[in-house]
Structure formats: structure tokens, C-alpha cells
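Note that this note's numbering has the sequence shown beginning at 13, numbered continuously upward. Heads up, the thing below is written out as C-alpha cells.
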Amino acid sequence: MPNRHGSSKPVLRFMLLFLQTLYFGDHRKLWMINFRVAYLDAMVRQLREAGTSVAIDPEPYPNGRFARRHDPEGNPIEFWEPVRRDSGRADHAKK
Numbered sequence: 013m014p015n016r017h018g019s020s021k022p023v024l025r026f027m028l029l030f031l032q033t034l035y036f037g038d039h040r041k042l043w044m045i046n047f048r049v050a051y052l053d054a055m056v057r058q059l060r061e062a063g064t065s066v067a068i069d070p071e072p073y074p075n076g077r078f079a080r081r082h083d084p085e086g087n088p089i090e091f092w093e094p095v096r097r098d099s100g101r102a103d104h105a106k107k
């Protein structure tokens, strides 16, 4: 999937959050890995078939859909499917 610069190359980004954030689900967790995926449902299906527990966030967001699992130490791992804008439709965005 091309990024905003038109390239299909992977992009690595870092985002800093406040130290006491609850975004990770536990204020003692200080980091999270977020993977951008082309098809969230297919990724979740593959993970579940491999025996991995994954929770899909039922809320559609303007920037896409999310699913989350946790590593053995309880750190969150998030999967993000961005909204497809190339077709002219915001497939998953709230209207």
C-alpha cells in the first residue's frame, strides 16, 4: 500500500505519549509496537489460525481500523488498517 509520499516502502515512525497515558491499557506499560497492515481482517484471521489471541476494536475511526494483542510481558501490539482513500471512498471512516 503506498504511503502518503506515493512509495510502497515501509515507513518507521515514533510517537511519544505522556508517561502516565492509559492508551496502552495499563499505565505501567511504556511502549507499543504498531504495524500498518493492508487488510486487517485477513491479518487477524491468520493470527487466530496460528493460535494467537487478537481483539478487533469495533469502533471505526477516521484514520482506519485497529486490532490489538499483547506480547508475553503484556506490552500491546497494535495492527492498523488505514482508510483507503485511493478509491475515493472512506471505507471504514465514520460518516
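Note that CB positions come from ideal geometry on N, CA and C, so glycine has one too. This one's a predicted model, so the numbers in the text were calculated from it and none came from an experiment.
Straight-line spacing of the CA atoms in A54 and R40 works out to 31 angstroms.
DSSP places R77 within a strand segment (E or B) once states are collapsed to three.
Assignment of beta-bridge partners to A67 by DSSP yields R80. Here DSSP, grouped into helix, strand and coil, assigns E85 to coil.
With a cutoff of 8 angstroms on beta-carbon distance, F78 and E61 are scored as not near each other. Of the residues assessed, E71 falls on the exposed side of the cut-off, its CB having fewer than 16 other CB atoms within 10 angstroms.
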